[in-house]
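If you read the sequence shown in my numbering, its first letter stands for residue 34, the second for the next number, and so on. Input: a single structure, listed below in structure tokens.
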Amino acid sequence: MSFFENQDSARKRAKWLIVAYILAVIILVAAVNAVIFAPLAYYTDSGIMELFSERTFLAVSVSAITLLIIGSGSSYKISKISKKETYTASLFGGRYVDPSTENFKERVLFNVIEEISIASGVPLPFVYLLDNEESINAFSMGSYPGICVIGVTRGCLKHLNRDELQSVIAHEFSHIANGDTRLDCMLLGLLHGILVVALVGYFLVLGRTRSGKAIYLGNRRNRPPLHFLPLGIALMVVGYLGVFLAKIIKKAIMRQQEYLADAQAVQFTRNPEALTSVFRKLMSRFPGSYINNLYAHEANHMFLAECLPRRLKGSFGMHPSLENRIKRVGISSGDSSEEKKTLRDKNKRGSKEEGEKPESRINAEKLAASVGTIEAAGLNYARSMFEIIPNYVLNNVHEISGAESIIYVMLFSASSDIKKKQLKHIKENVDLKIFNNVKKLDYDAVSLPSRFRLPLIDISVATLKGMDRDNYIRFSENIRFLIRANKKISLFEYAVYSMIKRHLKPAFAKTKKTAVRYKNIKPLIPQCRILLSSLAHYGEENQKNKEKSYKSAFEKLGVDNYPEMFPEKKRGFKEIDKALKELDEAVPQVKKNIIKAAAVCVSADGWITVSQSELLRVIADAIGCPVPPLFPGIVRE
Numbered sequence: 034m035s036f037f038e039n040q041d042s043a044r045k046r047a048k049w050l051i052v053a054y055i056l057a058v059i060i061l062v063a064a065v066n067a068v069i070f071a072p073l074a075y076y077t078d079s080g081i082m083e084l085f086s087e088r089t090f091l092a093v094s095v096s097a098i099t100l101l102i103i104g105s106g107s108s109y110k111i112s113k114i115s116k117k118e119t120y121t122a123s124l125f126g127g128r129y130v131d132p133s134t135e136n137f138k139e140r141v142l143f144n145v146i147e148e149i150s151i152a153s154g155v156p157l158p159f160v161y162l163l164d165n166e167e168s169i170n171a172f173s174m175g176s177y178p179g180i181c182v183i184g185v186t187r188g189c190l191k192h193l194n195r196d197e198l199q200s201v202i203a204h205e206f207s208h209i210a211n212g213d214t215r216l217d218c219m220l221l222g223l224l225h226g227i228l229v230v231a232l233v234g235y236f237l238v239l240g241r242t243r244s245g246k247a248i249y250l251g252n253r254r255n256r257p258p259l260h261f262l263p264l265g266i267a268l269m270v271v272g273y274l275g276v277f278l279a280k281i282i283k284k285a286i287m288r289q290q291e292y293l294a295d296a297q298a299v300q301f302t303r304n305p306e307a308l309t310s311v312f313r314k315l316m317s318r319f320p321g322s323y324i325n326n327l328y329a330h331e332a333n334h335m336f337l338a339e340c341l342p343r344r345l346k347g348s349f350g351m352h353p354s355l356e357n358r359i360k361r362v363g364i365s366s367g368d369s370s371e372e373k374k375t376l377r378d379k380n381k382r383g384s385k386e387e388g389e390k391p392e393s394r395i396n397a398e399k400l401a402a403s404v405g406t407i408e409a410a411g412l413n414y415a416r417s418m419f420e421i422i423p424n425y426v427l428n429n430v431h432e433i434s435g436a437e438s439i440i441y442v443m444l445f446s447a448s449s450d451i452k453k454k455q456l457k458h459i460k461e462n463v464d465l466k467i468f469n470n471v472k473k474l475d476y477d478a479v480s481l482p483s484r485f486r487l488p489l490i491d492i493s494v495a496t497l498k499g500m501d502r503d504n505y506i507r508f509s510e511n512i513r514f515l516i517r518a519n520k521k522i523s524l525f526e527y528a529v530y531s532m533i534k535r536h537l538k539p540a541f542a543k544t545k546k547t548a549v550r551y552k553n554i555k556p557l558i559p560q561c562r563i564l565l566s567s568l569a570h571y572g573e574e575n576q577k578n579k580e581k582s583y584k585s586a587f588e589k590l591g592v593d594n595y596p597e598m599f600p601e602k603k604r605g606f607k608e609i610d611k612a613l614k615e616l617d618e619a620v621p622q623v624k625k626n627i628i629k630a631a632a633v634c635v636s637a638d639g640w641i642t643v644s645q646s647e648l649l650r651v652i653a654d655a656i657g658c659p660v661p662p663l664f665p666g667i668v669r670e
């Protein structure tokens, strides 16, 4: 399936999750009422249904309290995850890995994640390491693209080679790209509410939470009063009915999701042997995949493989069997040994045969098909970027002060007068270390090949997610000043500002999640008019060619009666921003057509320049469609 089909499938699974959750809640409410009314029926010689009709107020009260407990449990968990995915990751026993780490194994992990991020166009996630886990396992989570998390165990770094580690990371990236992580967080939050009934019973019986923390009612030396014991036991029984229902819901959603991520990991790396090797190591008793953490077990469905003890995998396991996953990986690769050898050779050659051309031919269909994927040449492009960029610049991009300095330098004007004004502002509004760094970086950063500018900004933005809120506010104000200094916003400045707003802002401010409102292109024609008019303007110089590009783009959208081009005087980046917000609320298949139309518009002559490719990637990113780097060998006809 394509990226857009996977996104659509994730949306459908989310709908089924809501339906299943509602049914599970109804069953639990009925079960709790049965627990309350069964003793009454026994002592009054009345049937349960009779009691229901006689004591309606009691039934309504019991149902309302049960719904309140379940709803509060779900809301609490969802709010915790939504506000800070990194908080939940740390609960698993994870340690945030600083991008500037000098540990060799951690540096390898970061390099692999950065390469896949650049090659896929998916924003660089936070990286967490489960230091105390010797097993082989990994997880991904995140309800918003800009603040996703990838975590791996210490065992991954210890027992996997680079190819195997790359296949594991590719698997987790596919979950992020497909929208699975958002669904997984939703699943964790909703099902936690169902489990809260069991937790309440657990507390009433033992006087402590499941994690062992004591909570007292009345006398601190005693457990809860004995008259709570029968209710506690009954709620535990009913609660474990909820556990059983949660297990069924998780299994129904999880299995196909894991098979798909496995297949995409193979597609990304072109190395089925590496993923198969990982699964074989997972099957062994040591290191295995067990995670010794209570909170990790609750989020078992987020991990690469079962993180439960071996004795519980059969009863409570969420993932397909490793034997079946190995078989599926062989089927999904579909390559003969000779074909695999050819692919490996092609990976090694990569973009060396493709040269360093400044422009590339672009094909709209191929571009749309490349969304959410990784090509071998894309990985080689990422590696070549790290080889070409000076070490001093790379060292800075992984430190908060250095990443901040790099973005400032990238936004300096070519005009010496304006640059002096910009430098003066920076000197007055940052500490001396950053200012000195800006002066040192000036030549190296600005002299980089233009095609590396946005990927370097991407990595810098990811590093800056580690800054505190006050520094973020100061940084944002500085960025706005630098962009406005020449009183005219360039394409590159717009691209940088958009990336910061989309991927850095959610780490510091509450961001409203995008709702899907549009299922076809018709209500979005005014927004398409603004976007395609702007793209035609930047793609062509001649007015006739602009109109031709605009027309071709609407034809690609399948719209016959399209409006005239949006007036140039009223057209600007603010209008593009507003249009993109609306377009982001379309279903995936509509977004696919928008990407095709945008590609046609910026390259009606079949070619795309670096600046146009930057704009196209920003547009795709703004509507949630990660586009791999556009360079020769990726989208050439």
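Note that CB positions come from ideal geometry on N, CA and C, so glycine has one too.
| Item | Value |
| --- | --- |
| Under the three-state DSSP convention, the category Gly251 falls into | Residue placement at Gly251 cannot be trusted, given a pLDDT of 45 that sits under 50; what the coordinates show is reported in the next sentence. Here Gly251 sits in coil by DSSP. |
| Boundaries of the alpha helix (DSSP H) in which Thr309 is found, first to last residue | 305–316 |
| Those residues which DSSP pairs with Ala171 across a bridge | Val185 |
| Beta bridge counterpart(s) of Tyr129 as assigned by DSSP | Tyr161 |
| Glu574, buried or exposed, once every other Cβ within 10 Å from all chains shown has been counted against 16 | exposed |
| Segments assigned beta strand (DSSP E), at least 3 residues, entirely inside the stretch 539–607 | none |
| Residue span of the alpha helix (DSSP H) that contains Cys634, given as start and end | 621–635 |
| Backbone secondary structure at Phe319 - three-state DSSP | coil |
| Local conformation of Phe137 per DSSP, three classes | helix |
| Three CB pairs or more closer than 8 Å across the stretch 536–552 and the stretch 606–625 | yes |
| Beta-carbon proximity check, Val160 vs Phe143, cutoff 9 Å | yes |
| Integer Cβ distance of Ile103 from Ile227, believed to fall under 8 Å | 6 Å |
| Distance CB(Ile609)-CB(Ser567) smaller than 9 Å | yes |
| Cys218, enclosing alpha helix (DSSP H) - first and last residue | 213–239 |
| Same chain, Cβ closer than 7 Å to Ile433, five either side skipped, listed in chain order | Thr496, Leu497, Gly499, Met500 |
| Short Cβ contact (9 Å threshold) for Val430 with Ile421 | no |
| Integer Cβ distance of Ser322 from Ser168, believed to fall under 8 Å | 5 Å |
| Three-pair Cβ contact test at 8 Å for the stretch 52–71 versus the stretch 96–115 | yes |
| Residues bridged to Phe336 (per DSSP) | Phe172 |
| Residue range of the unbroken alpha helix (DSSP H) whose run includes Glu618 | Glu618 -> no alpha helix (DSSP H), and no H or E assigned at all. |
| Minimum C-alpha distance to Ile563 - residue among Pro132, Leu190, Tyr595, Ser403 | Tyr595 |
| Identity of the residue in Ser112, Leu91, Val68, Thr99 nearest Lys545 by Cα | Ser112 |
| Straight-line Cα distance separating Val651 from Ala569 | 16 Å |
| Gly212 to Ile506 span [Cα, whole Å] | 29 Å |
| C-alpha distance - Val229 paired with Ala540, whole-angstrom precision | 29 Å |
| Collapsed DSSP secondary structure at Pro662 in the structure displayed | coil |
| Closest by C-alpha distance to Asp749, when choosing among Asn428, Ile492, Lys454, Asn504 | Nothing can be reported for residue 749, as the shown portion of the chain is limited to 34 through 670. |
| Beta carbon of Asp217 nearer than 9 Å to that of Ala332 | yes |
| Contacts around Gly383, its chain only, beta-carbon distance under 8 Å, and the 5 residues preceding and following it disregarded | Note on Gly383: pLDDT 43, under 50, position unreliable in the model; no value is reported. |
| Supposed contact pair Ala171 and Ile180 - C-beta distance, whole angstroms, cut 8 Å | About 18 Å; that fails the 8 Å criterion. |
| Per-residue DSSP class, three states only, for Ile407 | coil |
| Secondary structure of Tyr177, DSSP reduced to three states | coil |
| Classification of Ser449 by the beta-carbon crowding that lies within 10 angstroms, buried from 16 upward | exposed |
| Contact check, Val65 vs Val271, beta carbons under 9 Å | yes |
| Cβ distance (whole Å) where Val233 is taken to contact Leu308 below 8 Å | 42 Å between Cβ atoms; not a contact. |
| N-terminal and C-terminal residue of the alpha helix (DSSP H) that Glu331 is part of | 327–331 |
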